[in-house]
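Here's the structure, in structure tokens; my notes come after.
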Amino acid sequence: MIKKIGSALKAVMYRMGLIQGINKITDSKKVMVTDEHYEYVDTWYALYKGYHKDFHDITYKTVAGERSRRRATLNMPKVAAAEMAQLVFNEKCLVNVSDNALYDNIKEVLDHNKFGKQFQRYLEYSFALGGMVMKVHVDADQIKISYVAADAFYPLSSTSDEVTEGVFVNETRKGDKKYTLLEWHTWEGSEYVITNELYESNNSATLGIRVPLSIMYPDLEEEARIEGLTRPLFVYIRPNTANNFDMYSPLGISIYANALDTLKTLDIAYDSFQREFRLGKKRILVPQSAIKTVVDPQSGKMSRYFDAEDEAYQAMNFESEDAIKDISVELRVNEHIDAINSILNLLSMQLGFSAGTFTFDSQGLKTATEVVSENSKTFRTKNSHETIVEEGIKELVDVIVNVAELYDIFTAPDDYDVTVDFDDSIAEDRAANATYYMTLQSAGLISKKYALQRILDLTEEQAEEMLQEIKDENATADDAFMLDTFGQKEGQLEKDEEEEEKTEEDEVE
Numbered sequence: 001m002i003k004k005i006g007s008a009l010k011a012v013m014y015r016m017g018l019i020q021g022i023n024k025i026t027d028s029k030k031v032m033v034t035d036e037h038y039e040y041v042d043t044w045y046a047l048y049k050g051y052h053k054d055f056h057d058i059t060y061k062t063v064a065g066e067r068s069r070r071r072a073t074l075n076m077p078k079v080a081a082a083e084m085a086q087l088v089f090n091e092k093c094l095v096n097v098s099d100n101a102l103y104d105n106i107k108e109v110l111d112h113n114k115f116g117k118q119f120q121r122y123l124e125y126s127f128a129l130g131g132m133v134m135k136v137h138v139d140a141d142q143i144k145i146s147y148v149a150a151d152a153f154y155p156l157s158s159t160s161d162e163v164t165e166g167v168f169v170n171e172t173r174k175g176d177k178k179y180t181l182l183e184w185h186t187w188e189g190s191e192y193v194i195t196n197e198l199y200e201s202n203n204s205a206t207l208g209i210r211v212p213l214s215i216m217y218p219d220l221e222e223e224a225r226i227e228g229l230t231r232p233l234f235v236y237i238r239p240n241t242a243n244n245f246d247m248y249s250p251l252g253i254s255i256y257a258n259a260l261d262t263l264k265t266l267d268i269a270y271d272s273f274q275r276e277f278r279l280g281k282k283r284i285l286v287p288q289s290a291i292k293t294v295v296d297p298q299s300g301k302m303s304r305y306f307d308a309e310d311e312a313y314q315a316m317n318f319e320s321e322d323a324i325k326d327i328s329v330e331l332r333v334n335e336h337i338d339a340i341n342s343i344l345n346l347l348s349m350q351l352g353f354s355a356g357t358f359t360f361d362s363q364g365l366k367t368a369t370e371v372v373s374e375n376s377k378t379f380r381t382k383n384s385h386e387t388i389v390e391e392g393i394k395e396l397v398d399v400i401v402n403v404a405e406l407y408d409i410f411t412a413p414d415d416y417d418v419t420v421d422f423d424d425s426i427a428e429d430r431a432a433n434a435t436y437y438m439t440l441q442s443a444g445l446i447s448k449k450y451a452l453q454r455i456l457d458l459t460e461e462q463a464e465e466m467l468q469e470i471k472d473e474n475a476t477a478d479d480a481f482m483l484d485t486f487g488q489k490e491g492q493l494e495k496d497e498e499e500e501e502k503t504e505e506d507e508v509e
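Counted from 1, the sequence shown has number 348 at position 348 by the UniProt record's numbering; the numbering is strictly sequential.
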């Protein structure tokens, strides 16, 4: 009771300004990343959504004065992040485990959590915002996987290759108040400690003051201590792009973090392309006197002879006050399309795509539908990101196994291997690759076995088995050919002999 009264009193004092709440999560000394990184994340997120004030709010002038509007956008951050996520991972990708029983258990957990669909979606967010987190927990004897975007996770500590402690942020609203749940994941020796804190604020700009969990989460404990874990209950994944904003930060950056100027230039060009059709229509030149304001005798309101909001009317000082001229302006459609495509090629290079991946014509933006050859820049970038993704999925399997054994859900052998088969069919030009390796093999530069491995993505053993099958089939075909050929000759000889005997008999008669 006293605790509730104290919390209520703190809330009143906070609203009155007598005590200060926490403005933001990075105010905590435990958080190892500064505000600057999350300001970058806010920018990347705004661009991903298609609107960033500094990019898209512009002003212009008409005869009536200054006006403002929102600049048109191609929303390439969204397009690029989605394209990269689709190339790297889709629902056809397979997670393989060397132990059959463990494979069945892992597959059941992943299928139950709709891993294929959810992971691709959050991988897109990862490419856009610079990272994502997968968190494992148990609910009603079921292993659950939660996904968190980069803007809702703050690292507390890390090693050279992984984040080991962190805090998860979950915001909800109730009435005019904002509630923020902070879920701290830390280590105290061998104990894994999960601490839950709830904060209340009257505005979205501050975290506010700490209040009892029961206000929003009556069944949630303030602290849970877990023994027996060998690693954190979460896995942090980031794009395989070096963080050149903070080389010592464990967090990643957006794939378009270093292409903001290009993105802005692209939107300026696209906006100009759209405006070309509005501003390129017929223009009417009217004398200066024609746009003067006059008093409407009926309403008493000021009005103009011409609409001052319409950019089509231009005032000129003509020698003749009665002169009104109608002029036409040639549309610069091709020039705009060429400019936009040039910028798209630059953007593709900055994001790790091959030139020509994104194109623009009079019908709009297009993404290359053809498959990607394995010696292209897109394919190399895709493979680079797959390296990080595969390691993240392997770590996720390890966490699932650790949790399953801790809660007696299922067991696993001491040693097991995890591999990820990525669906390369959407990113390979199989015909081009086959021609490339067949040419090398014909020139004697590589063996048939190696060519098969590269063309069909086979292991060395699988390639050897296939070569033996081909050899056996060819031998069988040769035998059949010989049998068929000599069989026909034998039959023809017998037929000829029969005809000769018949001829001789006819002659004797």
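For each residue, glycine too, the CB sits at the ideal point set by N, CA and C.
Where ILE237 is concerned, the enclosing beta strand (DSSP E) starts and stops at 234-237. For GLU335 and LEU251, the gap between their C-alpha atoms comes out near 41 Å. Between THR180 and LEU213, the C-beta spacing is not below 8 Å. Apart from sequence neighbours up to five positions away, the residues of its chain that approach VAL420 with a beta-carbon distance below 6 Å are VAL95, GLU390, ILE393, ordered along the chain.
The beta strand (DSSP E) runs of length 3 or more contained entirely in the segment 164-238 are, from start to end of the chain, 177-188, 191-201, 209-211, 223-226, 234-237. In the displayed model, GLU91 falls within coil according to three-state DSSP, outside both helix and strand. By the Cβ-count criterion, TYR40 is buried, with 16 or more other Cβ atoms from all chains shown falling within 10 Å of its own Cβ. The Cβ atoms of LEU129 and MET32 lie no closer than 8 Å to each other. The straight-line gap separating the alpha-carbon atoms of ALA443 and LEU452 is approximately 15 Å. Membership of LYS394 in the alpha helix (DSSP H) is indicated by the continuous run 377-406. Spanning the alpha carbons of GLU330 and ASP271 requires a straight line of approximately 18 Å.
With contacts defined by Cβ atoms closer than 8 Å, ASN90 and GLN120 form a contacting pair. A straight-line Cα-Cα distance of about 54 Å links MET216 and THR459. By the 16-neighbour rule on beta-carbons within 10 angstroms, TYR248 is exposed. A residue is called buried when at least 16 other Cβ atoms come within 10 angstroms of its Cβ; ASN433 meets this threshold and is buried. With distances taken between CA atoms, PHE379 lies nearest to GLY352 out of ALA404, GLY166, GLY352, GLU395. VAL79 sits close to THR367, with the two beta carbons spaced by under 8 Å. Note on SER126: 16 or more other CB atoms within 10 angstroms of its CB, so buried under the neighbour-count rule. Taking the Cα of THR381 as reference, the smallest distance to any Cα among LYS61, ASN240, ALA81 is reached at ASN240.
When Cβ pairs closer than 8 Å are counted between the two stretches, the segment 43-55 is seen to touch the segment 260-268, the count reaching three or more.
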